[in-house]
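Peer 1:
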Amino acid sequence: MQRPHRVVVLVLEGARPLDVGIPTEVFHPETGFPYEVSTCGATTDTVLSSGGFGFAVQRGLDALSDTDTIIVPGYAPPGRPIPVEVREALRSAAARGTRIASICYGAFALADSGLLDGLRATTHWDAAEKLATRHPQITVEPNVLFVDEGPILTSAGAAAGLDLCLHIVRRDLGVTAANEIARGLVTAPYRTGGQAQYLPKTSSAAQGETLAATREWALTRLDQQVTIADLAAHADMSRRTFLRRFTEETGSTPLQWILRARVDAARELLESTRLPIDRIAEEVGLGTGANLRLHFRRLLDVSPSAYRATFAGRS
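The sequence shown begins at 1 in UniProt numbering and counts up by one.
(1) Counting along the chain, where does the beta strand (DSSP E) carrying residue 99 start and finish?
(2) Residue 85: buried (16+ other C-beta within 10 angstroms of its C-beta) or exposed?
(3) Just reading off the alpha helix (DSSP H) that residue 305 is part of, what are its end residues?
(4) Would you report the Cα separation of residue 103 and residue 160, rounded to the nearest angstrom?
(5) Grab me the residues of residue 4's own chain with a C-beta within less than 8 Å of its C-beta, minus the 5 sequence neighbours each way, in chain order.
(6) Hey, out of 60, 65, 105, whose CA is closest to residue 14's CA?
(7) Please report the straight-line C-alpha distance between residue 92 and residue 141, rounded to a whole angstrom.
(8) Can you give me the C-alpha to C-alpha distance between residue 87 and residue 110, rounded to a whole angstrom?
(9) What's the call for residue 297, buried or exposed, on a 16-neighbour Cβ count within 10 Å?
(10) Tell whether a beta-carbon distance below 9 Å holds between residue 123 and residue 74.
(11) Below 9 Å between beta carbons: does that hold for residue 82 and residue 112?
(12) Does the beta-carbon of residue 249 have 16 or more other beta-carbons within 10 angstroms, so that it is buried, or is it exposed?
(13) Excluding sequence positions up to five away, which residues of its chain have a Cβ less than 6 Å from the Cβ of residue 203?
(14) Rounded to a whole number of angstroms, what is the C-alpha to C-alpha distance between residue 54 and residue 79?
(15) Under 8 Å: do the region 241-257 and the region 278-285 share three or more Cβ pairs, one atom per stretch?
(16) Would you tell me roughly how many angstroms separate the C-alpha atoms of residue 278 and residue 269, rounded to the nearest one?
(17) Return the CA-CA distance between residue 214 and residue 180, expressed in angstroms with no decimal places.
(18) When the Cα atoms are used, what is the spatial distance from residue 205 to residue 163?
(19) Between 286, 121, 225, 99, which lies nearest to residue 8 when the distance is taken from Cα to Cα?
(20) Are residue 156 and residue 145 closer than 9 Å when you measure CB to CB?
(21) Return the residue from the list 23, 301, 2, 304 that minimises the CA-CA distance to residue 178.
As structure tokens, then:
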């Protein structure tokens with residue numbers, strides 16, 4: 001029997017409780033998927049959190065030497081210097097090929113360890129400028145939910161850590177597994193890394209106004225031709241206003257968003273059914289198998305057949 005994928009959450013002084021809780025929930029063995037999760041700290045003492053209480057971590061930095069994935073939650077204040085031994089442990093883990101991800105202000109720990117040099121990265125929007133100024137060798141993207149640079153991943157603030165962790169599950173086990181975990185956590189199963197953070201704007205939609213209902217409506221019609229005019233009519237907006245609002249909320253155009261949704265629907269069918277490629281293309285509104293293969297290659301850098309061989313039956 002294959003051993004579980006080991007995830008260690010590195011809890012640093014001033015850790016933000018939500019950031020710590022997200023990976024411990026997503027990767028908990030009770031989800032039924034092959035993960036095990038534990039916590040560690042710079043020492044095995046109680047680690048004080050930003051909320052005024054403490055985390056009783058299970059291990060010290062030795063935990064980072066025998067794990068598969070390290071998650072570094074955010075800590076306050078952002079940019080607080082981390083202990084030299086933490087930087088060395090993170091660098092050693094990265095050199096061994098360990099996957100390392102940060103949530104929110106945790107990006108500063110990766111940056112201070114030199115792990116983000118030459119890469120794209122993100123953090124909470126209110127600290128993005130500080131990260132970019134302190135580390136000019138990093139391409140900071142302040143408007144996205146998460147950035148995947150292969151073995152190094154970073155996410156924006158708070159709940160964006162959930163999007164990042166579910167993205168990691170999709171990478172490891174496929175869409176079906178990530179969707180099942182998301183259902184258990186009662187959260188949206190998929191928000192793309194390019195979706196915009198909710199930044200404060202000088203001029204914005206009325207309080208509470210959102211296009212979520214229109215996006216949900218579109219997801220039920222992926223097998224049909226859905227135009228921008230259709231979407232704008234459903235949202236009861238002019239085409240121009242709809243396009244602006246949609247891009248503000250998702251970080252992409254409506255047609256890009258629908259295309260990605262169709263590819264994700266195809267991924268789930270490839271994992272959970274034995275339908276032919278051409279039939280799946282029809283089911284998700286991509287028309288032909290050739291069209292599905294084209295978009296799979298462009299978005300995922302893999303063929304549908306290779307994707308099915310990797311993920312079918314895993315969940």
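From the three backbone atoms N, C-alpha and C, an ideal C-beta is built for every residue, glycine too.
Treat the numbers as computed from the prediction; the structure is a model and nothing was measured.
Peer 2: This is what the structure gives:
(1) Along the sequence shown, one-based indexing puts residue 99 at 99. For residue 99, the enclosing beta strand (DSSP E) has its first and last residue at 99-102.
(2) What you label residue 85 is simply residue 85 of the sequence shown in a count that begins at 1. The residue is exposed, with fewer than 16 neighbouring Cβ atoms inside 10 Å.
(3) Here residue 305 is taken as the residue at index 305 of the sequence shown, counted from 1. 304-311 is the span of the alpha helix (DSSP H), which, as asked, contains residue 305.
(4) Residue numbering aside, residue 103 sits at position 103 when the sequence shown is read from its first letter. Residue numbering aside, residue 160 sits at position 160 when the sequence shown is read from its first letter. Each residue's alpha carbon lies about 8 Å from the other.
(5) In the sequence shown, residue 4 corresponds to position 4, counting from 1. The residues are 29, 34, 35, 36.
(6) On the sequence shown, position 14 is the one that residue 14 refers to. Out of 60, 65, 105, 105 has the C-alpha closest to the C-alpha of residue 14.
(7) What you label residue 92 is simply residue 92 of the sequence shown in a count that begins at 1. What you label residue 141 is simply residue 141 of the sequence shown in a count that begins at 1. Spanning the two alpha carbons is a distance of roughly 26 Å.
(8) As a first step, residue 87 must be located in the sequence shown, where it is residue number 87. As a first step, residue 110 must be located in the sequence shown, where it is residue number 110. If you draw a straight line from the Cα of residue 87 to the Cα of residue 110, it is about 8 Å long.
(9) Here residue 297 corresponds to residue number 297 of the sequence shown, with the count starting at 1. By the neighbour-count rule (16 or more Cβ atoms within 10 Å), residue 297 is not buried but exposed.
(10) Position 123 of the sequence shown, counting from 1, holds the residue named residue 123. Position 74 of the sequence shown, counting from 1, holds the residue named residue 74. Contact: yes.
(11) Taking the first residue of the sequence shown as 1, we reach residue 82 at position 82. Taking the first residue of the sequence shown as 1, we reach residue 112 at position 112. Taking 9 Å as the Cβ cut-off, residue 82 and residue 112 qualify as a contacting pair.
(12) As a first step, residue 249 is located in the sequence shown; it is residue number 249 there, counting from the start. Looking at its Cβ environment, which holds 16 or more other Cβ atoms inside 10 Å, residue 249 is buried.
(13) Within the sequence shown, numbered from 1, the residue matching residue 203 stands at position 203. With a pLDDT of only 31 at residue 203, under 50, the local geometry of the prediction cannot be trusted, and no value is derived from it.
(14) Here residue 54 refers to the residue found at position 54 when the sequence shown is read from its first residue. Here residue 79 refers to the residue found at position 79 when the sequence shown is read from its first residue. The straight-line gap separating the alpha-carbon atoms of residue 54 and residue 79 is approximately 20 Å.
(15) Using a C-beta cut-off of 8 Å, the region 241-257 makes no contact with the region 278-285, since fewer than three inter-stretch Cβ pairs fall below that distance.
(16) The sequence position of residue 278 within the sequence shown is 278, counting from 1. The sequence position of residue 269 within the sequence shown is 269, counting from 1. Spanning the two alpha carbons is a distance of roughly 12 Å.
(17) Residue mapping note: residue 214 aligns to position 214 of the sequence shown, counting from 1. Residue mapping note: residue 180 aligns to position 180 of the sequence shown, counting from 1. Between the alpha carbons of residue 214 and residue 180 lies a gap of roughly 23 Å.
(18) If you number the sequence shown from 1, residue 205 lands on position 205. If you number the sequence shown from 1, residue 163 lands on position 163. Note on residue 205: pLDDT 36, under 50, position unreliable in the model; the coordinate value appears next. Their backbone Cα atoms lie some 24 Å apart in a straight line.
(19) Mapped onto the sequence shown, residue 8 falls at position 8. If we check each option's Cα against that of residue 8, 99 comes out closest.
(20) The residue you call residue 156 lines up with position 156 of the sequence shown. The residue you call residue 145 lines up with position 145 of the sequence shown. Contact: yes.
(21) Within the sequence shown, residue 178 is the residue found at index 178, counting from 1. The alpha carbon of residue 178 has as its nearest neighbour, out of 23, 301, 2, 304, the alpha carbon of 23.
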